[in-house]
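Engineer:
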Amino acid sequence: MGEVFSEAGKQLRAQVDEALRVYYALDPDALAQLDVLAKQPDRIWWSTLAKSNLTFFKFGALNNRHTPPAVLAAEIDPEWWIVAMNNPRFPVDVLKARLKRDPLLALELVNPELDLVRQLALNGKTRAIREQAMRKLDELY
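Residue numbers 1342 to 1482, in the working numbering, belong to the letters of the sequence shown in order.
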């Protein structure tokens, strides 16, 4: 079973690498980065992509199930939080801490805690927040 998963992981990495090479075909710096990364083990490969300033490097890694959970949790750019938080491997304790600090993030998640969305629908600070929470509840049911 482990061999199947690692084989699938290798295939996925190869597909992502190929897609990035096609997208950045006219960017020699991006291609050079991919060449250097090609020699790295998976954990480092996914981690480096997630920390990249190149949009599609970062997006691909934050969306991918092979990206280490610690890398997802380390994402500090609020623009990218939702992408990382929607990854099923995102650490639950970090997710709960972020949602406690900013409950509105729940409205951006693919599978938020229903109780939190209900509370926002009932007790949101503004009418717009309450309406957005109601729409999210409609989507979920």
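Positions of the beta carbon are idealized from the N, C-alpha and C atoms, including for glycine.
Taking only the alpha-carbon atoms, compute the straight-line gap between Ile1385 and Ala1447 and give it to the nearest angstrom.
Structural biologist: Ile1385 and Ala1447: Cα-Cα distance of roughly 30 Å.
Engineer: Check whether the Cβ of Leu1375 lies closer than 8 Å to any Cβ atom in chain D.
Structural biologist: Protein chain content of the structure displayed is limited to a single chain, and chain D is not contained in it.
Engineer: Of the residues Glu1348, Pro1419, Leu1457 and Ala1355, which one's Cα is nearest the Cα of Lys1437?
Structural biologist: Measuring from the Cα of Lys1437, the nearest candidate turns out to be Leu1457.
Engineer: Leaving out the 5 sequence neighbours to the left and right, which residues in its chain are closer than 6 Å to Val1345 when beta-carbon positions are compared?
Structural biologist: Note that Val1345 scores 42 on pLDDT, short of 50, meaning its location in the model is unreliable and no value can be drawn from it.
Engineer: Are the CB atoms of Pro1453 and Phe1431 within a distance shorter than 8 Å?
Structural biologist: No, they are not a contact pair.
Engineer: In angstroms, rounded to a whole number, what distance separates the CA positions of Asn1428 and Leu1450?
Structural biologist: Roughly 10 Å separates the two Cα atoms.
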